[in-house]
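Q: Same order as they appear, the protein sequences are chains D and P.
Take the first sequence: its position 168, counting from 1, is numbered 168 in this note's numbering, and each next residue is one higher.
In this note's numbering, each number is its position in the second sequence, counted from 1, plus 326.
Protein chains: 2
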Amino acid sequence: MLTGAGDARYMAAALELSQRGRGRTAANPNVGCLIVKHGVILGRGWTQPGGRPHAEEMALAQAGASAKGADIYVTMEPCAHQSTRGPTCSLAIIEARPSRVIVATLDADERTRRRGIDRLGDAGIPVSVGIREREARRAMAGFLCRLEKGRPFVTLKLALSLDGCIAIADGSSQWITGDRARAHAHLERARNDAILVGAGTARADRPGLDVRLDGLADRSPQPVVLGSDKELPAHWLQIDRTEAIAELPDVNWLLVEGGARTAASFLQAGLVDRLLLYRAPIIIGGGLPGVADIGLEKLGAAHGQWRRVDQRALGQDMLEIYDRAA
Amino acid sequence: MLTGAGDARYMAAALELSQRGRGRTAANPNVGCLIVKHGVILGRGWTQPGGRPHAEEMALAQAGASAKGADIYVTMEPCAHQSTRGPTCSLAIIEARPSRVIVATLDADERTRRRGIDRLGDAGIPVSVGIREREARRAMAGFLCRLEKGRPFVTLKLALSLDGCIAIADGSSQWITGDRARAHAHLERARNDAILVGAGTARADRPGLDVRLDGLADRSPQPVVLGSDKELPAHWLQIDRTEAIAELPDVNWLLVEGGARTAASFLQAGLVDRLLLYRAPIIIGGGLPGVADIGLEKLGAAHGQWRRVDQRALGQDMLEIYDRAA
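(1) Nearest to N28 (chain D) by CA position, among D:M76, D:L158, D:L275, D:L17, is which residue?
(2) Determine, using beta carbons only, whether A520 (chain P) and L539 (chain P) come nearer to each other than 9 Å.
(3) I'd like to check one pair, R312 (chain D) with D323 (chain D): are the Cβ atoms closer than 9 Å?
(4) Do you know how far the Cα of A199 (chain D) is from the Cα of W236 (chain D)?
(5) Return the chain-ordered list of same chain residues with a C-beta closer than 7 Å to the C-beta of S228 (chain D), the five sequence neighbours on each side being excluded.
(6) Could you name the residues that DSSP lists as bridge partners for I72 (chain D)?
(7) How would you list, in chain order, the residues of chain D whose beta-carbon sits under 7 Å from the beta-carbon of D489 (chain P)?
(8) What in chain D is Cβ-close to G612 (chain P), meaning under 9 Å?
(9) Since E56 (chain D) is in the alpha helix (DSSP H), which residue starts that stretch and which ends it?
(10) Checking contacts by CB at 9 Å: is M337 (chain P) closer than that to chain D?
(11) Going along chain D, which residues have a C-beta under 9 Å from Q631 (chain P)?
(12) Taking 9 Å as the cut-off, decide whether the C-beta atoms of Q594 (chain P) and I620 (chain P) are in contact.
(13) Going by the DSSP bridge assignment, what does S454 (chain P) pair with across the sheet?
(14) If I follow the unbroken beta strand (DSSP E) through E320 (chain D), where does it start and stop?
(15) Give the residues of chain D in contact with Y604 (chain P), contact being defined as C-beta atoms less than 9 Å apart.
(16) By the three-class DSSP mapping on this structure, what secondary structure does R587 (chain P) have?
(17) Run down chain D in chain order and give the residues with a C-beta less than 9 Å from the C-beta of I494 (chain P).
(18) Between the alpha carbons of G51 (chain D) and D240 (chain D), how many angstroms are there, rounded?
(19) Under 8 Å Cβ-Cβ, which residues of chain D neighbour Y648 (chain P)?
(20) Do three or more CB pairs link the region 443-453 of chain P to the region 355-368 of chain P at distances below 8 Å?
(21) Apart from the five residues on each side of it in sequence, which residues of its chain come closer than 6 Å, Cβ to Cβ, to G21 (chain D)?
(22) Quick one: measure Cβ to Cβ for I125 (chain D) and V101 (chain D), integer angstroms, because I've assumed they're closer than 8 Å.
(23) So that I know if they touch, is there some Cβ in chain C lying closer than 9 Å to that of W175 (chain D)?
(24) Would you mind reading off the limits of the beta strand (DSSP E) that contains R370 (chain P)?
(25) If you measure from the CB of A606 (chain P), is any heavy atom of the ligand SAH nearer than 8 Å?
(26) Starting from T201 (chain D), trace the alpha helix (DSSP H) in both directions and tell me its first and last residue.
(27) Among D:N252, D:L299, D:V197, which one has its Cα closest to the Cα of F266 (chain D)?
(28) State the DSSP-derived secondary structure class of C89 (chain D), mapped to helix, strand or coil.
(29) Can you tell me whether H364 (chain P) is buried or exposed, with buried defined as 16 or more other CB within 10 angstroms of its CB?
(30) So, with DSSP's three-state summary, where would you put K483 (chain P)?
(31) Which residues in chain D sit within 9 Å of R634 (chain P), going by Cβ to Cβ distance?
(32) Give the straight-line distance between the Cα atoms of G585 (chain P) and V550 (chain P), rounded to the nearest whole angstrom.
(33) L597 (chain P) touches chain D at which residues, Cβ-Cβ below 9 Å?
(34) Please identify the residue among P:W579, P:M337, P:R350, P:G616 whose C-alpha is closest to the C-alpha of A467 (chain P).
(35) So A292 (chain D) packs on G612 (chain P), CB below 8 Å; how close in whole Å?
(36) With DSSP run on the structure shown, which of helix, strand or coil describes I283 (chain D)?
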């Protein structure tokens, strides 16, 4: 089956939709779905909080009978397994009789991988796989990382001065960045299932790791502390080593917010997939560095690990995003 | 006299020409000059190494008799004083009988300020002053800073990891940045009259502070060390405190290259006008910070001092330029 520029555009829109569920769909992936016929969008879906309804279910409900003969764009292979929680998407799609199904990437779960598209193909529905696959893997990286590496996708956030400090010498860090950067950082919290700080940061700042944005308070992620914290609030989780993030229940996306030793321990363990750097146009000089010792012995070993994927101005500050290169 | 968009464009070109002399014209300003008639560029000039010929002199020599009736764009008011080293530009312009003279900014030297344009006006030549003045002040900031503040314009260069380190813990700094960033840093050396490092850096690295770019070796700036250095090479200069940069002979533009304590002492003294940050996509963690203690007691005091004026990718690295906001 041929796919063209129109398919790439519609898949890009489905990928945008997939981001609406980010941080709230675990253990399910945050999928996006778009149903299109003759250039008219008949349905738009994204995985709902808690993982149900699925994106396809939501989009099919909108399209109704008009889905017959339409093109269905879905960012991940429709599910093939039975669940007590809702319909099996591959079956629901077959019932809707679309003319094509366009899939960005296969399911990472080996138990169901290819079963969804095989089932569609067996039903005579043409299926295309792989369009915008790289972007799709990035858009649903949390789920894919958990399935493929057995742990959440880890974003390390740092709010830095130009000279790489997160606080002045006495520990004061309010504020390095301005209003817009801080609002963006809160939005980023809403895009993660859990948020982690070190025990030192938890003791010093006793941070309320919630989303302080109007209308998004209910999207606050699960707080987690690394290390020993005797005054741990009741709803917090606690882990004693970085690798234990693998055991956090229902976490696809994990945001690590500091401090310097926690950042270093995740970096040293190779457990950071993305750097989110908020950078203020200030020089602190002799302040507290953002990253403690990571055991680097040769400068050459630091190179080639990070790739700049985005940057933007947030007021006076800059946001830079680096993804692990490998 | 009215000036229009064409004038702004021609002045922008004259400002580009002014940059060709940067770092080699002190104690003269690095001026640019463009002579235009009926849309044809008849002469292009910039202050030559050592300060003579002046930009106007060079451009007038190219234009010859055709300068009569032309527009002369010059980034700084033509000189009015007599010199044994060459002609007085305001008189040379009057002789050439242009139809207009367009000036970006006045001379900062109070002894000659306004005399150049007054002389042109007295001779019946219309003069416009102030077009692209802000850019002109930036393009010739070295000379203007020396005249107005009694010291060179100081650029602080730092080559940093994402977490603000200039070396790993053992001091190794070769290399933080890649080939293209390092080549750019050498080009920046050629754009400064002098280059300064601290005594510690001089001892540790014994840096050859020359321009290591093919064809530009003769543009190496005057090396200066801050502090005591018993093995000072013969052609180096030495100062014992940051304020002594005011006494450096014939330096409009000064590049400060480190290390961390030297950077801090210039920052703390309020003697840095521009930050040139080369940033590599690496994390060092627990390395040597780029800026030592600057005596900052309140985080709020760090804000509002720097304004981002440029940024670009240099291979994998980023160059960011911040100018002092005030």
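Cβ coordinates follow ideal geometry from the N, Cα and C atoms, glycine included.
A: Answer, in terms of the structure:
(1) D:M76
(2) no
(3) no
(4) 12 Å
(5) A199
(6) D:I35, D:V101
(7) G164, P289, G290, V291
(8) A260, A264, P289, V291, A292, D293, I294, G295, L296
(9) 55-63
(10) no
(11) P281, I282, I283
(12) yes
(13) P:I428
(14) 317-324
(15) In chain order: nothing, as chain D lies at least about 12 Å away.
(16) helix
(17) L296, E297, K298, L299, A302
(18) 29 Å
(19) L162, P281
(20) no
(21) N30, W46, T47
(22) 6 Å
(23) In summary, chain C is missing from the structure at hand, where the protein chains are D and P.
(24) 366-372
(25) Here there are no bound small molecules, and the ligand SAH is not part of this structure.
(26) 199-205
(27) D:V197
(28) helix
(29) exposed
(30) strand
(31) P281, A313, Q316, M318
(32) 13 Å
(33) Here the premise fails: no neighbours, minimum Cβ distance about 13 Å.
(34) P:W579
(35) 5 Å
(36) coil
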